[in-house]
Amino acid sequence: MAQDSALAGLRVLDLSDNVGGQYCARTLADFGADVLLIEGVDGSPVRRAAAWTAARPPAVDAMLFRHLNTGKQSMTLDWRSPEGMAVLTALAADSDVVVAGEQAVCRALMAVNPRLVACAITDFGAGPHEGWTGTEMIFQALSGVMLLNGEYPKPPLYGLGARAQYSAGITAYGAILAALLWREQSGRGQFVETAVLDSVAVMNAMVSARYFYNGTFQARLPRSGLVGLFRCSDGWVVVYAARPNDWAGCCAVFELPEHAQDPRFVDLADRLKHWPEALELIGAQAATMTCDEVTAAGRQCKLPVSRVMDGPALWADKHLNVRGFWQRARSGDASHPVIAPAFRMSATPRAEVVTTAPGLGEEDRQALGSVGLSDQHQTLQANGVMR
Amino acid sequence: MTAGQPGARPLDGIRVLDFTGAWAGPMATRSLAFLGAEVIKIEGPSRMDSWRETVAGVEKSRYPDLIRGERPYNRSFRFNSQNHDKLALSLDLKSPAGVQIALDLARVCDVVVDNFSPGVMESLGLGYKALCEVRPDLIMVQMPAYGSSGPDAYAVAFGPNMEAMTGMASLMGYGGEDETPVLTSNAYLDPIGGLHGAAAVLTALMYRSRTGRGQHVEVPQRETAMQFAGELLLEQVETGEVFVPRGNAVPYAAPHDAFPALGEDEWIAIAVLDDQQWLVLCETLGCGPLAADPDFATADGRRHNAVRLHQELSSCTIQQDKWTLAERLQSRGVPAAPVCTGKDVAENPHLVARGVFVEVDHAEAGRRRYPALGYRLESTPGRIDRASPLYGEHNHRVLSDLLGMSDQQIDQLEASGVIASAPRTGPSATIPKEKVL
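Structure representation (structure tokens):
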């Protein structure tokens with residue numbers, strides 16, 4: 001990693017086996033930290049996360065693992081055993097940050113290294129739901145997001161993927177960096193934490209803030225504000241016509257000049273009232289156009305209109321490619337696409353090729369060597385503490 | 388405040404000049420304030436933060452007790468939930484005097500944040516280069532929706548549009564006959580951008596503390612959000628398949644859906660991760676025959692017969708209270724949760740017990756609770772000290788304390804319209820983040 005990386009020289013142990021922890025530690029790696037992922041001898045459960053399709057051969061690590069662990073090194077270690085804990089302690093003595101899925105191990109390692117910033121990322125944290133089992137849908141349901149997604153009277157939709165858990169990851173990243181900045185002033189590390197439910201409830205702050213203000217809350221609406229989803233001849237587009245002039249934009253883009261002065265739509269309040277009629281008018285026109293025709297015309301008159309893009313469309317997207325959004329990660333002689341770091345720092349030009357997520361057990365000896373313990377490798381293997 | 392004093396926070400002494408509006412940018416700078424930074428929020432005399440809504444006010448549901456009040460722009464829950472602890476300065480950036488004040492403030496700030504479209508700050512004379520001339524070690528974080536390069540850099544961006552362009556909307560929907568994509572609640576991209584914006588500032592502060600150098604950081608909101616769907620995008624790229632929405636179905640649980648509970652539009656979310664949980668679910672719901680139904684014995688069977696399964700389970704759940712049932716299922720190890728309304732979230736005993744909601748006094752909105760932030764630092768906890776500022780509330784304080792201006796100078800600025808104590812004209816509720824020319 002380049003010397004000029006923001007987090008160069010920072011040593012991180014990633015003990016987490018959840019999306020939040022691994023995304024947090026991946027972001028630390030993205031900006032220059034040396035991150036060692038510590039997995040059980042069977043590997044992180046994230047390696048075995050279910051794929052969306054059954055098409056992928058099961059021998060390959062889950063795409064989720066690849067995405068969350070690009071740029072890290074790995075070491076297998078059963079740190080819940082006494083022997084494993086001894087190794088972990090040696091590693092922690094020489095580290096700046098620990099990312100874990102529980103508080104207990106953070107406390108144990110802070111006792112040996114008071115400069116350590118130790119971060120626990122849990123599902124719920126302490127409190128009445130502490131013993132609950134969280135999944136992405138459970139978090140989204142509790143946060144109030146889920147009830148707003150979809151169409152009444154069908155069931156609410158939870159969303160996709162693991163977005164609540166990612167939000168905990170980037171929250172934890174912020175907490176860790178703040179604690180490191182504090183350490184520079186005080187010389188002391190500290191315990192930091194975040195819970196997935198906290199993070200996702202904060203992301204959805206608007207539902208609770210509104211309730212606190214006036215006791216009301218929104219449920220799923222037959223339509224949401226001045227948003228329209230339209231099927232074009234080759235896909236879907238989203239229009240958001242919430243500014244006064246956006247009706248003129250809609251008429252230009254969808255070739256409805258006869259409605260440009262239609263009193264139902266010119267004024268915002270009227271437009272909201274008559275929006276279902278606007279949806280019909282626009283929908284009929286959109287069906288005869290391609291997504292590109294719509295978005296190109298939208299660009300001309302600054303109408304907020306976008307194509308609903310799927311994976312292959314994003315892969316081919318000119319804008320993203322010009323910007324180098326897709327990066328390549330090396331894996332032996334081959335390479336594969338990954339997603340580049342979330343933000344761009346002028347003092348740290350981005351690498352063209354990054355290191356792929358680590359294979360299981362491949363770097364164990366090297367990692368042990370970093371704390372002068374390589375002579376114990378065979379014993380630890382024989383005792384089932386390492387792979 | 389120095390290290391070691393009680394109440395000290397990591398960003399004590401860091402000053403932020405904040406040109407952001409609406410949600411993502413203000414959430415980023417509110418995070419910095421929570422961690423101890425002093426944040427000076429700039430709004431224009433005729434271009435206030437769009438989340439103050441309009442001068443005259445918008446729908447009542449935005450306001451305390453459903454009352455717009457005399458100055459609705461000081462009372463919207465949207466603005467007031469995202470700007471705690473900030474100092475508000477109204478400043479006309481289209482006037483040379485206003486730009487000069489912004490430069491003078493930048494000189495005494497560590498960080499500048501904006502979420503305009505690319506080029507706006509440059510066109511105002513406040514681009515990174517100009518700011519570095521007055522403050523060489525400045526950290527500037529810009530949050531353009533699509534980034535500052537590429538053919539779509541200047542496309543008009545709002546939450547729904549951006550979400551469509553992240554790949555997320557293409558993966559949400561009921562599926563089957565109904566191919567319509569679904570967008571996430573009222574906006575999901577903004578808080579993702581906000582959290583990453585704060586992370587970007589903290590990262591650059593780490594670099595500065597090691598090297599003494601500032602830098603420019605770009606936080607493209609669409610791209611940060613794509614991280615959150617990264618594995619789903621990469622899997623499509625790798626396999627060449629186009630994934631289509633399939634309701635609440637997931638590969639790791641079956642059933643995995645919301646089922647109707649007692650009451651109007653009340654639901655319980657249930658995720659069955661293995662066959663044991665399936666049996667426990669049937670027993671807890673009191674629908675024993677389902678447990679014995681061979682069609683439902685395996686996850687594949689439950690997926691294959693999803694429609695009948697949903698009907699059968701719904702007939703059991705619909706008579707039960709969503710909270711009671713969720714508690715019973717969770718106590719037996721089955722992941723379940725009530726699908727919460729705003730009221731449920733605000734009153735959730737777990738969130739309340741953890742101090743997620745903080746009560747503060749606001750001069751024109753009264754004493755209200757607000758969601759705080761998820762950062763928990765044991766030795767140096769973040770906090771909310773003050774409510775969000777009234778429009779122009781700190782004009783005098785900022786200009787006097789930081790720039791040493793006299794009362795007379797400040798009065799002159801007000802008289803000439805460079806600053807204002809009330810917004811002059813109302814922008815629409817949805818002022819775009821587009822280029823100001």
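Note that the protein sequences, when read in sequence, are chains A and B.
Each step along the first sequence adds one to the number in this note's numbering, with nothing skipped, and position 386 is 386.
Each step along the second sequence adds one to the number in this note's numbering, with nothing skipped, and position 135 is 522.
Cβ atoms here follow ideal geometry from the backbone N, Cα and C, with glycine treated the same way.
Check the C-beta distance from R402 (chain B) over to E425 (chain B) and give it rounded, since I have them as a contact under 8 Å.
-> Translated into positions along the second sequence, residue 402 (chain B) becomes position 15. Translated into positions along the second sequence, residue 425 (chain B) becomes position 38. Between R402 (chain B) and E425 (chain B) a beta carbon distance of about 5 Å is seen, short of the 8 Å cut, so the two are scored as contacting.
Kindly confirm or deny that the region 339-347 of chain A and the region 260-275 of chain A touch, where touching means at least three C-beta pairs closer than 8 Å.
-> For the pair of segments examined, the region 339-347 of chain A was found not to touch the region 260-275 of chain A: the number of CB pairs separated by less than 8 Å stays below three.
Using 7 Å as the limit for Cβ to Cβ distance, is T379 (chain A) near chain B?
-> Translated into the one-based positions of the first sequence, residue 379 (chain A) becomes position 379. Taking Cβ atoms only, chain B never reaches closer than 7 Å to T379 (chain A), which makes this a no.
Count the other CB atoms within 10 Å of the CB of K820 (chain B); is the residue buried (16 or more) or exposed (fewer)?
-> Here residue 820 (chain B) refers to the residue found at position 433 of the second sequence. Note that K820 (chain B) has pLDDT 39, beneath the 50 cutoff, so the model's placement of it is unreliable and no number is given.
At which residue ranges does the region 302-348 of chain A contain complete beta strand (DSSP E) runs of 3 or more residues, listed in the order of the chain?
-> Runs of the beta strand (DSSP E) inside the region 302-348 of chain A: 305-307, 326-331 and 334-339.
Go ahead and label L824 (chain B) buried or exposed: buried means 16 or more other beta carbons lie within 10 angstroms of its beta carbon, across all protein chains shown.
-> Counted from its first residue, the second sequence places residue 824 (chain B) at position 437. Its pLDDT being 29, under 50, L824 (chain B) is placed unreliably in this model, and the value from its coordinates should be taken loosely. Under this definition L824 (chain B) is an exposed residue.
Mind checking if K72 (chain A) is an interface residue toward chain B, Cβ cutoff 7 Å exclusive?
-> In the first sequence, residue 72 (chain A) corresponds to position 72, counting from 1. Judged by the 7 Å Cβ criterion, K72 (chain A) is not in contact with chain B.
Assign E184 (chain A) to buried or exposed, taking buried as 16 or more other Cβ atoms, counted over all protein chains shown, within 10 Å of its Cβ.
-> One-based indexing of the first sequence puts residue 184 (chain A) at position 184. With fewer than 16 other Cβ atoms from the protein chains shown falling within 10 Å of its own Cβ, E184 (chain A) counts as exposed.
Could you list the residues in the region 757-781 of chain B with a C-beta less than 9 Å from some C-beta on chain A, going in chain order?
-> Of all residues in the region 757-781 of chain B, only Y757, P758, A759, L760, G761, Y762, R763, L764, E765, S766, T767 and G769 come within less than 9 Å of chain A when Cβ atoms are compared, listed by chain position.
Residues from the region 642-655 of chain B in contact with chain A, defined by Cβ distance under 7 Å | Taking 7 Å as the Cβ-Cβ cut-off against chain A, the residues of the region 642-655 of chain B that qualify are H643, D644, A645, D652 and W654.
Give the secondary structure of A195 (chain A) by DSSP, where H, G and I count as helix, E and B as strand, and everything else as coil.
-> Sequence index remark: in the first sequence, residue 195 (chain A) carries index 195 (1-based). Of the three classes helix, strand and coil, the one that applies to A195 (chain A) here is strand, per DSSP.
Cβ atoms of I427 (chain B) and L478 (chain B): under 7 Å apart, would you say?
-> Looking up residue 478 (chain B) in the second sequence gives position 91. Looking up residue 427 (chain B) in the second sequence gives position 40. Not in contact: L478 (chain B) and I427 (chain B) (Cβ atoms no closer than 7 Å).
Under three-state DSSP, which class holds A287 (chain A)?
-> Taking the first sequence and counting its residues from 1, one reaches residue 287 (chain A) at position 287. Looking at A287 (chain A) - three-state DSSP - the assignment turns out to be coil, as it is neither helix nor strand.
Leaving out five residues on either side along the sequence, give the residues of the same chain with a beta carbon under 8 Å from the beta carbon of Y639 (chain B).
-> For the purposes of this step, residue 639 (chain B) is identified with residue 252 of the second sequence, where counting begins at 1. So the qualifying residues of the chain are L660.
Specify whether the region 433-449 of chain B and the region 731-740 of chain B touch according to this definition: at least 3 beta carbon pairs, one from each stretch, less than 8 Å apart.
-> Taking 8 Å as the limit for Cβ pairs, the verdict is that the region 731-740 of chain B does not touch the region 433-449 of chain B.
So what's L576 (chain B) in DSSP terms, helix, strand or just coil?
-> The residue given as residue 576 (chain B) occupies position 189 in the second sequence. For L576 (chain B), the secondary structure class from DSSP, reduced to helix, strand or coil, is helix.
Is it a yes or a no for the region 237-252 of chain A touching the region 208-228 of chain A, going by three-plus beta-carbon pairs under 8 Å?
-> Contact between the region 237-252 of chain A and the region 208-228 of chain A is present, because at least three Cβ pairs lie under 8 Å.
Using a Cβ cut-off of 7 Å (strictly closer), state whether V823 (chain B) contacts chain A.
-> In the second sequence, residue 823 (chain B) corresponds to position 436, counting from 1. Only weak support exists for where V823 (chain B) lies, its pLDDT of 31 falling under 50; the value from the coordinates is given anyway. Judged by the 7 Å Cβ criterion, V823 (chain B) is not in contact with chain A.
Give the DSSP-derived three-state secondary structure of W710 (chain B) in the structure shown.
-> Start at 1 with the first residue of the second sequence, and residue 710 (chain B) comes out as number 323. Helix, per DSSP.
Straight-line gap, D94 (chain A) to Q602 (chain B) (C-alpha atoms, nearest Å) | On the first sequence, position 94 is the one that residue 94 (chain A) refers to. On the second sequence, position 215 is the one that residue 602 (chain B) refers to. Q602 (chain B) has its alpha-carbon roughly 29 Å from the corresponding atom of D94 (chain A).
Do you know offhand how far E102 (chain A)'s Cα is from A648 (chain B)'s?
-> Reading the first sequence from its first residue, position 102 is the one you call residue 102 (chain A). Reading the second sequence from its first residue, position 261 is the one you call residue 648 (chain B). Going by the C-alpha atoms only, they are around 33 Å apart.
Return the CA-CA distance between I176 (chain A) and N548 (chain B), expressed in angstroms with no decimal places.
-> Translated into the one-based positions of the first sequence, residue 176 (chain A) becomes position 176. Translated into the one-based positions of the second sequence, residue 548 (chain B) becomes position 161. Distance from the CA of I176 (chain A) to the CA of N548 (chain B), rounded to the nearest whole angstrom, comes to 32 Å.
Specify the secondary structure class of H583 (chain B) as computed by DSSP and reduced to three states.
-> Along the second sequence, read from residue 1 onward, the residue named residue 583 (chain B) stands at position 196. DSSP places H583 (chain B) in the helix class (H, G or I) of the three-state scheme.
Determine whether the Cβ of A269 (chain A) lies closer than 7 Å to any Cβ atom of chain B.
-> Along the first sequence, one-based indexing puts residue 269 (chain A) at 269. Put simply, the CB of A269 (chain A) is far from chain B, with every gap to its CB atoms at 7 Å or more.
Residue-chain proximity (D14 (chain A), chain B), Cβ-Cβ < 7 Å = Taking the first sequence and counting its residues from 1, one reaches residue 14 (chain A) at position 14. When Cβ-Cβ separations below 7 Å define contact, D14 (chain A) makes no contact with chain B.
Verify the CB distance criterion: does S306 (chain A) have a CB-CB separation below 7 Å to chain B?
-> In the first sequence, residue 306 (chain A) corresponds to position 306, counting from 1. With 7 Å as the cut-off, S306 (chain A) counts as an interface residue toward chain B.
At which residues does the alpha helix (DSSP H) containing S510 (chain B) begin and terminate?
-> Numbered from 1 along the second sequence, position 123 holds the residue referred to as residue 510 (chain B). Note, S510 (chain B): alpha helix (DSSP H), V507 to S510.
Which bits of chain A does T611 (chain B) rub up against, with CB to CB less than 9 Å?
-> In the second sequence, the residue the question calls residue 611 (chain B) occupies position 224. Ordered by position in chain A, the residues that pass the 9 Å Cβ test against T611 (chain B) are I170, A342 and F343.
Kindly say whether D310 (chain A), judged by its beta-carbon, lies nearer than 7 Å to any beta-carbon of chain B.
-> Taking the first sequence and counting its residues from 1, the one referred to as residue 310 (chain A) is at position 310. Contacts with chain B at 7 Å (Cβ-Cβ) include D310 (chain A).
Look at G20 (chain A) and A118 (chain A) and say whether their C-beta atoms are less than 7 Å apart.
-> Indexing the first sequence from 1 puts residue 20 (chain A) at position 20. Indexing the first sequence from 1 puts residue 118 (chain A) at position 118. Their beta carbons are not under 7 Å apart, which means G20 (chain A) does not touch A118 (chain A) by this criterion.
Using three-state DSSP, classify A645 (chain B) as helix, strand or coil.
-> What you label residue 645 (chain B) is simply residue 258 of the second sequence in a count that begins at 1. Reduced to three states, the DSSP call for A645 (chain B) is strand.
Quick one: what does DSSP say E39 (chain A) is sitting in, helix, strand or coil?
-> Within the first sequence, numbered from 1, the residue matching residue 39 (chain A) stands at position 39. If DSSP states are grouped into helix, strand and coil, E39 (chain A) belongs with the strands.
Option nearest D4 (chain A) by Cα separation, candidates A:Q22, A:L368, A:G32 and A:C24 | As a working note, residue 4 (chain A) is residue 4 in the first sequence. Comparing Cα positions, the closest option is A:G32.
According to DSSP, which residues form a beta bridge with D763 (chain B)?
-> Locating residue 763 (chain B) in the second sequence gives position 376, where the first residue counts as 1. Before going on, a small fix: residue 763 (chain B) reads as Arg here, not Asp. Per DSSP, A:E193.
What are the residues of the region 497-530 of chain B that lie near chain A, defined by any Cβ-Cβ distance shorter than 7 Å?
-> Of all residues in the region 497-530 of chain B, none has a Cβ within less than 7 Å of some Cβ in chain A.
For G675 (chain B), collect the residues of the same chain with a Cβ closer than 7 Å to its Cβ; drop the 5 residues on either side in sequence, then sort them by chain order.
-> Here residue 675 (chain B) refers to the residue found at position 288 of the second sequence. Taken in chain order, the residues that qualify are C669.
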